[in-house]
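Have a look at the structure below, then the notes.
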Amino acid sequence: MKNQLTRFRWIVFVLLLITLIPMGASAQGSDPTDDDVNAIAKQLYCPVCENIPLDACGTTACEQWRGIIRDKLAEGWTEDQIKNYFVDQYGDRVLAEPPRSGFNWLVYIVPLVMFVGGGFMLYRGFRAWREADTESSPKGVSRKKTENDNLSEEDIQRIEEELKKRSGGL
Amino acid sequence: MMKKLLIWGGLIILFVVLGVGLFRSQQGQVGIGEMAPDFELVSFSGESYRISDYRGSVIVINFWASWCESCKPEARDLEAVYQSYLSRGDVLFLGVDYVDTEPEALAYLDEFQVTYPNGPDLRTEISQAFRIRGVPETFVIDQNGFITHVQIGPYMSVEHIKSTIDPLLD
Chain G
2 MKNQLTRFRW
12 IVFVLLLITL
22 IPMGASAQGS
32 DPTDDDVNAI
42 AKQLYCPVCE
52 NIPLDACGTT
62 ACEQWRGIIR
72 DKLAEGWTED
82 QIKNYFVDQY
92 GDRVLAEPPR
102 SGFNWLVYIV
112 PLVMFVGGGF
122 MLYRGFRAWR
132 EADTESSPKG
142 VSRKKTENDN
152 LSEEDIQRIE
162 EELKKRSGGL
Chain U
6 MMKKLLIWGG
16 LIILFVVLGV
26 GLFRSQQGQV
36 GIGEMAPDFE
46 LVSFSGESYR
56 ISDYRGSVIV
66 INFWASWCES
76 CKPEARDLEA
86 VYQSYLSRGD
96 VLFLGVDYVD
106 TEPEALAYLD
116 EFQVTYPNGP
126 DLRTEISQAF
136 RIRGVPETFV
146 IDQNGFITHV
156 QIGPYMSVEH
166 IKSTIDPLLD
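Chains as they are written, first to last, in the numbering used here: chain G, 2 to 171; chain U, 6 to 175.
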């Protein structure tokens, strides 16, 4: 009777072990999910399909690249290690955000310079427009002084006479 | 005055950079009659090949990828032609694997029983030097390092491949 009870306990123990093994494996979570893969894939661009991020690209080449990301994640590689691997294999151009070094700085500086420069030009344009508007307005009180304002009455009279002569001759 | 000079200088530099970029993107492959760009290919098995070391030989450079469907029909033909010239010792075949993943590339070489040297185009430097637009593309280089044939797309047959190599041989 005692032997039977011991055997029964062993059977229960082994059964419990069997049920626990798969639970233990799934709890480790070593298999990367699609979200894990896509979190890195969206930061990469395959040179074959320009302008389509890797996570959204449906070509075989991109599918293979996502497979590589999945394998590397499963091996315990970090995000930076995986990105560096792709840069080593395929060059800087696979990165959605080029590294801030050398000629790549243009990518960051040029749009900023153009934005600030464009804003400044717009500002100057609007200001000149407003000033011209104020000058032409009959109620304008702050008209800019021009070269004509320095002419004497005598000079103006001479110019008018000259103009009359010329228009009479035509 | 200085401000104007800076603005104009900046604009000129910007246009030059954009112009050079546009010009380079519009350039086609390196063409017939041009000196082939020199490069070093490290094969999947670790051997190194620098094409300038093979002056005096005809060199056939085939760009391919495992994800490229149109590369598959010509893979066996290229191997057959390589085998037919093997005893001569003056025709070198090199396969450059473009934007590919190694396990799939090796499986491809195994499937088509390719035995001539093949290696990955690390950082896509070779394909950029040849300015390829896609795969497959094949360049035939004469004994003096000049390009004599550019095949865009797959070769149609063994005879087709031979017809681009035979005129260069004694």
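All C-beta atoms in this analysis are idealised placements derived from N, C-alpha and C, irrespective of residue type, glycine included.
Short CB-CB distance (under 8 Å) between residue 72 (chain U) and chain B: Judged by its chain identifiers, the structure shown contains no chain B, and its protein chains are G and U.
Contact set between residue 47 (chain G) and chain U, taken where Cβ atoms lie within less than 7 Å: 104
Proximity below 8 Å, CB of residue 160 (chain U) to CB of residue 82 (chain U): yes
Any chain G beta carbon closer than 8 Å to residue 22 (chain U): yes
Three-way DSSP call (helix, strand, coil) for residue 1 (chain G) in this model: Absent from the model: residue 1 (chain G). The displayed extent of chain G is 2 to 171, so no value can be given.
Collapsed DSSP secondary structure at residue 143 (chain U) in the structure displayed: strand
Local conformation of residue 66 (chain G) per DSSP, three classes: helix
Closer than 8 Å to chain G by CB, residue 128 (chain U): yes
Between the CA atoms of residue 135 (chain G) and residue 164 (chain G) - distance to the nearest angstrom: 29 Å
Coarse secondary structure for residue 37 (chain U), derived from DSSP in three states: coil
Whole-angstrom distance between residue 92 (chain G) and residue 136 (chain U), CA atom to CA atom: 15 Å
Residue environment, residue 68 (chain U), which counts as buried when at least 16 other CB atoms sit within 10 Å: buried
Three or more C-beta pairs below 8 Å linking the stretch 130–145 of chain U and the stretch 106–117 of chain U: no
Any chain G beta carbon closer than 8 Å to residue 19 (chain U): yes
Other residues of its chain near residue 44 (chain U): CB distance less than 8 Å, five sequence neighbours each side excluded: 55, 56, 130, 131, 134
Contacts of residue 107 (chain G) in chain U (Cβ-Cβ under 8 Å): 22
C-alpha distance - residue 83 (chain G) paired with residue 34 (chain G), whole-angstrom precision: 16 Å
Assumed close pair residue 37 (chain U), residue 153 (chain U) - CB separation to whole angstroms, cut-off 8 Å: 6 Å
Proximity test, Cβ basis, 8 Å: residue 45 (chain U) and chain G: no
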